[in-house]
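Chemist:
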Amino acid sequence: MAINTEKNSYTVIFAVVMVVVVGLLLSGVSQLLKPNIDANKRAEKQKNILYAMGVNENEGANDVVFVSDEVLQEKFDKYITEQFYIQGGEKVMDSEAYLIDIKKEKKKAEDPGYQQKLPIFKGNKDGKDIYVMPVRGKGLWDAIWGFVAVDETMTIQGVFFDHKGETPGLGAEIKQRYFMDDFEGESFLDDGEFEPIAVAKGNNDPKNEDKTDNEVDALAGATITGDGLATMLRKDVQKYVPFFKSLKN
Numbered sequence: 425m426a427i428n429t430e431k432n433s434y435t436v437i438f439a440v441v442m443v444v445v446v447g448l449l450l451s452g453v454s455q456l457l458k459p460n461i462d463a464n465k466r467a468e469k470q471k472n473i474l475y476a477m478g479v480n481e482n483e484g485a486n487d488v489v490f491v492s493d494e495v496l497q498e499k500f501d502k503y504i505t506e507q508f509y510i511q512g513g514e515k516v517m518d519s520e521a522y523l524i525d526i527k528k529e530k531k532k533a534e535d536p537g538y539q540q541k542l543p544i545f546k547g548n549k550d551g552k553d554i555y556v557m558p559v560r561g562k563g564l565w566d567a568i569w570g571f572v573a574v575d576e577t578m579t580i581q582g583v584f585f586d587h588k589g590e591t592p593g594l595g596a597e598i599k600q601r602y603f604m605d606d607f608e609g610e611s612f613l614d615d616g617e618f619e620p621i622a623v624a625k626g627n628n629d630p631k632n633e634d635k636t637d638n639e640v641d642a643l644a645g646a647t648i649t650g651d652g653l654a655t656m657l658r659k660d661v662q663k664y665v666p667f668f669k670s671l672k673n
């Protein structure tokens, strides 16, 4: 018996079947791609951590070139000597601390009963101990994040910043070399106490030669992104101050 395709019931059944079939196909594709997606995310984090501590393939003055995939794991294992996180004042060793999701940790910490995990990646470059901290905040349009590398005195050795949707040529410039390099040499501690770093317009030091003023020159036309980045650094880095003070004891 021929199926009457003119009936409304046929249209509904056909639509339901198609939704189910397409859903199953998409789910299958997602599961197939998940290992590659996860691997790419892990590699991206490793590259960003290494970049912040000065391990990269920059050649020109404006380059932002990460360690290549071919040598990534070798470099990461060579330069990152310890991975751990601080939780409730306790140091917990974790060989995959770089996989801790900062966004989720911040959400969990909204519960007063939960102590946020604070990942730290300890490295050594040219005989000097370096500590890399992840940071995450809000720009003008969406999330901004990055990694900040400091020595035991919380003096910045390097940074890497990125964003989800800042305006090209304006807020998106936070990931450009000329802006990130300005942070090197600035310190989060002044006489042993936390001192935030401002992203300031008209700070009379556009070349950032004064490393004692706790300021870097703001990006033109990106005031809200710059303020968001400064707030991100203040809120996130301050959480690590007790750990760095403990290194002196």
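Each residue of the sequence shown is one higher than the one before, counting from 425 in my numbering.
All C-beta atoms, glycine included, are put in the ideal place defined by N, C-alpha and C.
All values reported here derive from a predicted model rather than from experimental measurement.
Output the distance between the C-alpha atoms of Phe508 and Phe668, rounded to the nearest integer angstrom.
Modeler: Looking at the two C-alpha atoms, the distance is approximately 14 Å.
Chemist: Measure the C-alpha to C-alpha separation of Leu564 and Thr655 and round it to an integer number of angstroms.
Modeler: Whole-angstrom Cα-Cα distance: 12 Å.
Chemist: I'd like to know whether the C-beta atoms of Pro543 and Ala573 end up nearer to each other than 8 Å.
Modeler: Cβ distance not < 8 Å, so Pro543 and Ala573 don't count as in contact.
Chemist: Can you tell me whether Gln581 is buried or exposed, with buried defined as 16 or more other CB within 10 angstroms of its CB?
Modeler: Burial call: buried.
Chemist: Look up Asp586 in the DSSP assignment and give the residues it is bridged to.
Modeler: Asp586 pairs with Trp569.
Chemist: With Phe490 and Tyr475 assumed to form a contact (beta carbons below 8 Å), what rounded beta-carbon distance in angstroms separates them?
Modeler: With 8 Å as the limit, Phe490 and Tyr475 qualify as a contact, their Cβ atoms being about 6 Å apart.
Chemist: Relative to the C-alpha of Lys471, which candidate in Leu496, Val453, Ile621, Asn482 has its C-alpha closest?
Modeler: Comparing Cα-Cα distances from Lys471 to each of Leu496, Val453, Ile621, Asn482, the minimum goes to Leu496.
Chemist: Closest to Glu483 by C-alpha separation, out of Ile621, Gly652, Arg601, would be which residue?
Modeler: Per the Cα distances, Arg601.
Chemist: So the alpha helix (DSSP H) Met656 belongs to, where does it begin and stop?
Modeler: Here the alpha helix (DSSP H) through Met656 covers 647-662.
Chemist: Is the beta carbon of Val640 sitting closer than 8 Å to the one on Phe612?
Modeler: Taking 8 Å as the Cβ cut-off, Val640 and Phe612 do not qualify as a contacting pair.
Chemist: Would you report the Cα separation of Gly593 and Gly609, rounded to the nearest angstrom?
Modeler: In a straight line, the C-alpha of Gly593 is about 26 Å away from that of Gly609.
Chemist: Output the distance between the C-alpha atoms of Val488 and Glu481, rounded to the nearest integer angstrom.
Modeler: Taking the straight line from one Cα to the other gives about 8 Å.
Chemist: For Met425, count neighbouring C-beta atoms within 10 Å of its own C-beta (all shown protein chains included) and say buried if the count is 16 or more, exposed if not.
Modeler: The predicted model places Met425 with a pLDDT of 49, which falls under 50 and marks its position as unreliable; any figure quoted below should be read in that light. Answer is exposed; the Cβ neighbour count stays below 16.
Chemist: Glu529 to Val441, Cα distance in whole Å?
Modeler: Those two C-alpha atoms are separated by around 40 Å.
Chemist: Which of the three DSSP states is assigned to Leu594 in this structure?
Modeler: Three-state DSSP puts Leu594 in coil, outside helix and strand.
Chemist: Compute the beta-carbon to beta-carbon distance between Gln539 and Gly512, rounded to the nearest angstrom, for a pair I have assumed lies under 8 Å.
Modeler: The pair is a contact, with the Cβ atoms about 4 Å apart (cut-off 8 Å).
Chemist: Could you tell me if Val623 is buried or exposed, where buried requires 16 or more neighbouring beta carbons within 10 angstroms of its beta carbon?
Modeler: Buried: at least 16 other Cβ atoms inside 10 Å.
Chemist: Please report the distance separating the alpha-carbon of Lys659 from that of Asn486.
Modeler: Rounded to whole angstroms, Lys659 to Asn486 spans 29 Å at the Cα level.
Chemist: Compute the distance between the beta-carbons of Leu643 and Glu597, then report whether it is under 8 Å.
Modeler: Cβ distance < 8 Å, so Leu643 and Glu597 count as in contact.
Chemist: So what does DSSP say about Lys669, is it helix, strand or coil?
Modeler: In this structure, Lys669 counts as helix in the three-state DSSP scheme.
Chemist: Which same chain residues end up closer than 6 Å to Lys663 when comparing Cβ atoms and leaving out the 5 residues on each side of it in sequence?
Modeler: Excluding positions up to five away in sequence, the list reads Leu542.
Chemist: For Leu657 and Phe618, what's the separation of their Cα atoms in angstroms?
Modeler: Each residue's alpha carbon lies about 11 Å from the other.
Chemist: Measure how close the beta-carbons of Ile437 and Val556 come, nearest whole angstrom, since I'm counting them as under 8 Å.
Modeler: Between Val556 and Ile437 the Cβ distance is about 56 Å, and since that is not below 8 Å, they are no contact.
Chemist: On the CB-based measure, 16 or more other CB atoms within 10 Å of its CB, does Ile461 come out buried or exposed?
Modeler: With fewer than 16 Cβ atoms within 10 Å of its Cβ, Ile461 is classed as exposed.
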